[in-house]
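Here is the structure we will look at, set down as structure tokens.
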Amino acid sequence: MTRYVGIDLAWGPRARTGMAVLDEDGRLVHSSSVVTDAEIDAVLGAHTHGAEVVAAIDAPLVVPNLTGMRDAERLVTQHFGRYSAGAYPANRSNKNFDPPRGELLAQRHGWDVDPEVRPAAGRSVAIEVYPHPAMVVLFELERVLPYKSKPGRDVASRSVAWQALLDALERVTGPLLALTENRRWQELRTAVAEARRPFELDRVEDEVDAILCAYLAWLWHHDRDRMVVLGTARDGYIVVPGLPGDISASTGGAEREQRAVDALLVEMPFLTREAAERAVAVVGRELEALP
1 MTRYVGIDLA WGPRARTGMA VLDEDGRLVH SSSVVTDAEI DAVLGAHTHG AEVVAAIDAP
61 LVVPNLTGMR DAERLVTQHF GRYSAGAYPA NRSNKNFDPP RGELLAQRHG WDVDPEVRPA
121 AGRSVAIEVY PHPAMVVLFE LERVLPYKSK PGRDVASRSV AWQALLDALE RVTGPLLALT
181 ENRRWQELRT AVAEARRPFE LDRVEDEVDA ILCAYLAWLW HHDRDRMVVL GTARDGYIVV
241 PGLPGDISAS TGGAEREQRA VDALLVEMPF LTREAAERAV AVVGRELEAL P
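For what it's worth, full-length UniProt numbering labels the leading residue of the sequence shown as 1, then goes sequentially.
Right under this line is the structure:
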């Protein structure tokens, strides 16, 4: 029996960590946000006890360098920087990575973090992943969706990006995760649709990222040939579901914008069409302004 675990791991024990678990058939059976190591371990104990685990963790697992950037982050930025999906440097001079919380988590649960070690009976493994490059490849994006909180992004514009993200995740994972049949997923969609303040979007972010990570864990086990390891087990690595090709829009910009406005009005009927058009325009300008 195998469980596929996605963890959007906070660097420290005071911020939210997203958790997601898929069963042996790939169905989403749990997702939540927790904070402490004890809460993380409780979720894992409840949903993976007696099972082999394939975990995909959005946090550094191997950080040997005292300063600077790992080769893994250089490679991610080389391949994905133009999509605004470059990587943040991890090194031991940052107290959050000395040691990395992900390293301790893997040790605590006996997960092998060497990407050359394949999942097998009696063996649990964990890999380091990064949702933004994964989204670029899986969703065929021209830029990372601006769903996270940053200066200049209001709730309406972020909601456009959020709904695009949720739609894409449903489409890509399809009947495997069966998200549209999952009650908790519907609660997350409702939370996004009804969000009026930034924190109402922020508090679902880690959980949704963890669901994507769980899907990457599934791919690592079942579609290994498509997965690319950037870096090494010795020096640190990040796994991505392929490298980006030439991603081009399949429809005209005006048509895409109109569909985005219509979708936003369905999800957020309290908006006027003018407000929805402004929100879509803000997202479009932000994407165009990215280097």
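All C-beta atoms, glycine included, are put in the ideal place defined by N, C-alpha and C. Bear in mind the structure is a predicted one, so any value in this text is a computation, not a measurement.
* Asked: What did DSSP end up calling H30 once you bin it into helix, strand or coil?
  -> Position 30 of the sequence shown, counted from the start, is the residue given in the question as residue 30. DSSP places H30 in strand when its eight states are reduced to three.
* Asked: Candidates A164, D58, L138 and N65: which alpha carbon is nearest G146's?
  -> Counting from one through the sequence shown, the residue named residue 146 turns up at place 146. The residue asked about is misnamed: residue 146 is Pro in this sequence, not Gly. That would be A164, whose Cα lies nearest to the Cα of P146.
* **A254 versus S31: straight-line alpha-carbon distance, rounded** => Counting from one through the sequence shown, the residue named residue 254 turns up at place 254. Counting from one through the sequence shown, the residue named residue 31 turns up at place 31. With a pLDDT of 49 at A254, under the threshold of 50, the modelled position of that residue is not reliable, and the figure given next carries that caveat. Rounded to whole angstroms, the gap between the alpha carbons of A254 and S31 is 36 Å.
* Locate the alpha helix (DSSP H) running through A193, then write down its first and last residues. => Here residue 193 refers to the residue found at position 193 of the sequence shown. Under the DSSP assignment, A193 falls in the alpha helix (DSSP H) whose first and last residues are R183 to A193.
* Asked: How would you write the range of the alpha helix (DSSP H) that M135 sits in, first residue to last?
  -> By one-based count along the sequence shown, residue 135 stands at place 135. Counting along the chain, the alpha helix (DSSP H) containing M135 begins and ends at P131 to L138.
* With 16 other Cβ atoms within 10 Å as the buried cut-off, status of Y237 -> In the sequence shown, the residue the question calls residue 237 occupies position 237. Buried is the call here.
* **Where P100 sits in the DSSP three-state scheme** => Here the question's residue 100 lines up with position 100 in the sequence shown. The answer is strand: DSSP assigns P100 an E or B state.
* Asked: Just the Cα atoms here: how many angstroms apart are W162 and V192?
  -> To locate residue 162, count along the sequence shown from 1; it is residue 162. To locate residue 192, count along the sequence shown from 1; it is residue 192. Cα to Cα, W162 sits roughly 7 Å from V192.
* To do: Determine the contact status of P64 and D37, defining contact as a CB-CB distance below 8 Å.
  => For the purposes of this step, residue 64 is taken as the residue at position 64 of the sequence shown. For the purposes of this step, residue 37 is taken as the residue at position 37 of the sequence shown. When the beta-carbon positions are compared, P64 and D37 stay at least 8 Å from each other.
* **Burial state of A126 (16 or more Cβ within 10 Å)** => Translated into the one-based positions of the sequence shown, residue 126 becomes position 126. Answer is buried; the Cβ neighbour count reaches 16.
* Distance between beta carbons of S84 and V144, contact taken as under 8 Å -> Start at 1 with the first residue of the sequence shown, and residue 144 comes out as number 144. Start at 1 with the first residue of the sequence shown, and residue 84 comes out as number 84. Going by Cβ atoms, the distance from V144 to S84 rounds to 5 Å, so yes, they are a contact pair.
* **Bridge partners - I127, DSSP secondary structure assignment** => Taking the first residue of the sequence shown as 1, we reach residue 127 at position 127. Paired residues: A56.
* To do: For the beta strand (DSSP E) holding V229, just list the boundary residues, first then last.
  => Within the sequence shown, numbered from 1, the residue matching residue 229 stands at position 229. It spans V228 to T232 - the beta strand (DSSP E) in which V229 sits, taken as one unbroken run.
* Who does A20 pair with in a DSSP beta bridge? -> Looking up residue 20 in the sequence shown gives position 20. Looking at the DSSP assignment, A20 forms a beta bridge with G6 and S31.
* Cβ-based neighbour list, M227, same chain, cut-off 7 Å, excluding 5 preceding and 5 following -> Here residue 227 is taken as the residue at index 227 of the sequence shown, counted from 1. Spatial neighbours of M227 in its own chain (CB-CB distance under 7 Å, excluding positions within 5 residues in sequence) are listed in chain order as L219, W220, V239 and P241.
* **Neighbourhood of V137 by C-beta, 8 Å cutoff - its chain only, sequence neighbours within 5 removed** => Numbered from its first residue, the sequence shown carries residue 137 at position 137. Cβ within range, chain order: V240, P241, G242, L243 and P244.
* By how many angstroms is the C-alpha of R203 removed from the C-alpha of V62? -> Within the sequence shown, residue 62 is the residue found at index 62, counting from 1. Within the sequence shown, residue 203 is the residue found at index 203, counting from 1. Going by the C-alpha atoms only, they are around 28 Å apart.
* Asked: Counting along the chain, where does the alpha helix (DSSP H) carrying V239 start and finish?
  -> Residue 239 sits at position 239 when you count from the first residue of the sequence shown. Segment G236 to V240 is the beta strand (DSSP E) holding V239; no alpha helix (DSSP H) there.
* **Residues that DSSP places opposite L120 in a beta bridge** => For this step, residue 120 is matched to residue 120 along the sequence shown. Position check: residue 120 holds Ala in this sequence, whereas Leu was assumed. R123.
* Asked: Helix, strand or coil for A114 per DSSP?
  -> Counting from 1 along the sequence shown, the entry for residue 114 is found at position 114. Here residue 114 turns out to be Asp, not Ala, going by the sequence shown. D114 falls in the coil class under three-state DSSP.
* Starting from the C-beta of R92, find all residues in its chain whose C-beta is less than 7 Å away, skip the five residues before and the five after it, and write them out in chain order. => Here residue 92 is taken as the residue at index 92 of the sequence shown, counted from 1. Contacts found: V63, N65, L66 and D98.
* How is E142 classed by DSSP in three states: helix, strand or coil? -> As a first step, residue 142 is located in the sequence shown; it is residue number 142 there, counting from the start. The DSSP-derived three-state label of E142 is coil.
* Asked: Assuming V34 and M19 make a contact with CB atoms under 8 Å, what is their CB distance in whole Å?
  -> As a first step, residue 34 is located in the sequence shown; it is residue number 34 there, counting from the start. As a first step, residue 19 is located in the sequence shown; it is residue number 19 there, counting from the start. Indeed, because the Cβ distance is near 6 Å, the residues count as touching under 8 Å.
* Would you report the Cα separation of G6 and E103, rounded to the nearest angstrom? -> The residue given as residue 6 occupies position 6 in the sequence shown. The residue given as residue 103 occupies position 103 in the sequence shown. Straight-line Cα distance between these residues: approximately 15 Å.
* Go through its chain and collect everything with a Cβ distance to V155's Cβ below 7 Å, but skip five positions before and after it. => By one-based count along the sequence shown, residue 155 stands at place 155. For V155, same chain residues with a beta-carbon under 7 Å away, outside a window of 5 residues either side, are A195, R196, R197, P198 and L201 in chain order.
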